[in-house]
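Trainee:
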C-alpha cells in the first residue's frame, strides 16, 4: 500500500522560511505536491514529521502554527482516504494518480497534464507506438487551446465539437480528425476508469469513423520519373528518393521495416524480415536494383542494412522517426519538382506498388501476401482508393462489345 509523509524543504537562503510538501510513495515510485504552507526551519520537527513551537514563540505565532498542524493532519487524512479508495477499487494506480486526485478539488484535474503522464507511462512500458499517437493527439488539442490546459470536468460535447471545427477549418482531413478524436477519447476514458472524472460522453457526436482513403498511388510512369530524376546536386533529396525506390523494389516495404532491416536478414539471395505492424514473416527475392541502392551507402559501422539508424543502441526509435520526417519532407519537394497532384511520401511507394500490381491483373490474394497484410480485406481497402483506370478500360471494352 502507498505511504504518505510530510517533508520540509529548506530555503536556499539561511534563516528564511522553507516550504512543506506531501510525498506519496507507491511501488517504489514517488510523487509530491506542495502544501502551500511555509515556516521557519526551527518550527519543524523532521523526526516526528510535524510542526513544533519552540520556546519563546509568540502567542499569535503559536495560534498560526497550531492551525497549520491541524490543516496538515486534514490533508494527510484526505490523502490516506484517496489511497484507500484506490485500493478498494482494485485497479492499478500510481503515486502520481493519488496526487492528481488530491489536487482535483482545488485546481481541477487538468486533461493535458493527465494525458502527458499517460504518454510517459506508456513509453516506460515499451508501448512507444501508442505513446506517440497519444502525444500527437494531445499536441494537436493543445494547439487548439493555444497552450491552455483544461480541467477534465470541462471536457464536454461543446468543447470537442469546437475542436473538430477547428481541425476542419485548418484543412485537416476527416480521417486525421477521427485519429485525433479516437486517441483523445481513449485518454479521457482512462481518466473515467480511474474515477478522476464523471463520464459525460463528450465524443458521442463527433466524427470517429474511418472514411475512404484518399488516393495515394501513382502509375508506373511516375515511378520511372522519380527513379530517373537527376538529383546529383541535392544529396538529401537523392537519399530520400533512394529510400522511396527501395520501398517500391521490396513490394512496398514500410519505412519502419526498412529502418530496422539488418545485414543478417539478407542471406543466399533472399531478404527475410518480420513486419513490425503484423509480425508476419516475409521473404523477398533479392534483385539487382536493391543491391545497387545498398552499395551507395557506407553502413560498415552498424548492423543495419540501410543508413537510417546511424548510432545503434541509442534511441533507435527516435532516430527512425527523425529520418522518416526528414525523408518525407524531401520526397514532397521531389513531388513538387515533378508536378505531382498528391504529396509524395513513403506511403506512395507502398500504395503505388499495390496499384501497379493490380493493374497487371495480379490477384488480390497475391498482393495481400506480398504486402504482408493480415487479410485480403485490408488489401481491398488499399485497392479501393487506388487508380481505377483498369476498371474504366474494362468497362469501355464491355460497352464496345455491345
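Numbering (this note's numbering), first residue to last: 98 to 499.
Just so you know, even glycine gets a beta-carbon here, dropped at the ideal spot from N, CA and C.
1. If distances are taken between C-alpha atoms only, which option among 142, 293 and 183 comes closest to residue 249?
2. CB residue 253 to CB residue 282, shorter than 8 Å?
3. Quick one: grab the DSSP three-state call for residue 122.
4. Considering residue 382, what are the terminal residues of the beta strand (DSSP E) in which it resides?
5. Determine contact between the segment 147-166 and the segment 118-131, defined as no fewer than three beta-carbon pairs at a distance below 8 Å.
6. By Cβ distance below 7 Å, which residues in the same chain neighbour residue 193 in space, the five residues on each side in sequence not counted?
7. Does DSSP classify residue 316 as helix, strand or coil?
8. Using the Cα positions of residue 280 and residue 230, report the straight-line distance between them to the nearest angstrom.
9. What first and last residue would you give for the alpha helix (DSSP H) that runs through residue 417?
10. CA-CA distance, residue 390 and residue 339?
11. Going by DSSP, what residue range makes up the alpha helix (DSSP H) through residue 220?
12. With DSSP as the reference, label residue 329 as helix, strand or coil.
13. By how many angstroms is the C-alpha of residue 376 removed from the C-alpha of residue 463?
14. Pick helix, strand or coil for residue 261, following the three-state DSSP scheme.
15. Kindly indicate which three-state DSSP category residue 240 falls into: helix, strand or coil?
16. To which residues of the same chain is residue 234 closer than 6 Å at the C-beta, ignoring the five residues directly before and after it?
17. Round the Cβ separation of residue 314 and residue 451 to the nearest angstrom and send it over; I've been treating them as touching at under 8 Å.
18. From which residue to which residue does the beta strand (DSSP E) around residue 102 run?
19. Spatial neighbours of residue 362 within its chain, please: CB distance less than 8 Å, with the 5 preceding and 5 following residues excluded, ordered by chain position.
20. Would residue 244 be called buried (16 or more neighbouring beta carbons within 10 Å of its own) or exposed?
Mentor: To lay it out plainly:
1. By one-based count along the chain shown, residue 249 stands at place 152. For the residues 142, 293 and 183, the minimum Cα distance to residue 249 belongs to 293.
2. The sequence position of residue 253 within the chain shown is 156, counting from 1. The sequence position of residue 282 within the chain shown is 185, counting from 1. Contact: no.
3. Looking up residue 122 in the chain shown gives position 25. In this structure, residue 122 counts as strand in the three-state DSSP scheme.
4. On the chain shown, position 285 is the one that residue 382 refers to. Looking at the DSSP string, the run of the beta strand (DSSP E) that includes residue 382 is 378-382.
5. no
6. As a position in the chain shown, residue 193 is number 96, starting the count at 1. Cβ within range, chain order: 128 and 214.
7. Here residue 316 corresponds to residue number 219 of the chain shown, with the count starting at 1. Looking at residue 316 - three-state DSSP - the assignment turns out to be coil, as it is neither helix nor strand.
8. The count along the chain shown starts at 1 and reaches residue 280 at position 183. The count along the chain shown starts at 1 and reaches residue 230 at position 133. Straight-line Cα distance between these residues: approximately 7 Å.
9. Position 320 of the chain shown, counted from the first residue, corresponds to residue 417. 413-435 is the span of the alpha helix (DSSP H), which, as asked, contains residue 417.
10. Here the question's residue 390 lines up with position 293 in the chain shown. Here the question's residue 339 lines up with position 242 in the chain shown. Rounded to the nearest angstrom, the two C-alpha atoms are 7 Å apart.
11. Mapped onto the chain shown, residue 220 falls at position 123. It spans 208-221 - the alpha helix (DSSP H) in which residue 220 sits, taken as one unbroken run.
12. As a position in the chain shown, residue 329 is number 232, starting the count at 1. It is coil, neither helix nor strand.
13. Residue 463 sits at position 366 when you count from the first residue of the chain shown. Residue 376 sits at position 279 when you count from the first residue of the chain shown. About 18 Å.
14. Locating residue 261 in the chain shown gives position 164, counting from the first residue. Helix at residue 261.
15. Here the question's residue 240 lines up with position 143 in the chain shown. Residue 240 falls in the helix class under three-state DSSP.
16. Numbered from 1 along the chain shown, position 137 holds the residue referred to as residue 234. Closer than 6 Å at Cβ, skipping near neighbours: 277, 280 and 281.
17. Your numbering for residue 314 matches position 217 in the chain shown. Your numbering for residue 451 matches position 354 in the chain shown. Right, their Cβ atoms sit about 7 Å apart.
18. The residue given as residue 102 occupies position 5 in the chain shown. Here the beta strand (DSSP E) through residue 102 covers 100-106.
19. Numbered from its first residue, the chain shown carries residue 362 at position 265. The answer, listed in chain order, is 368, 369, 370 and 402.
20. As a first step, residue 244 is located in the chain shown; it is residue number 147 there, counting from the start. It is exposed - the Cβ of residue 244 has fewer than 16 other Cβ atoms within 10 Å.
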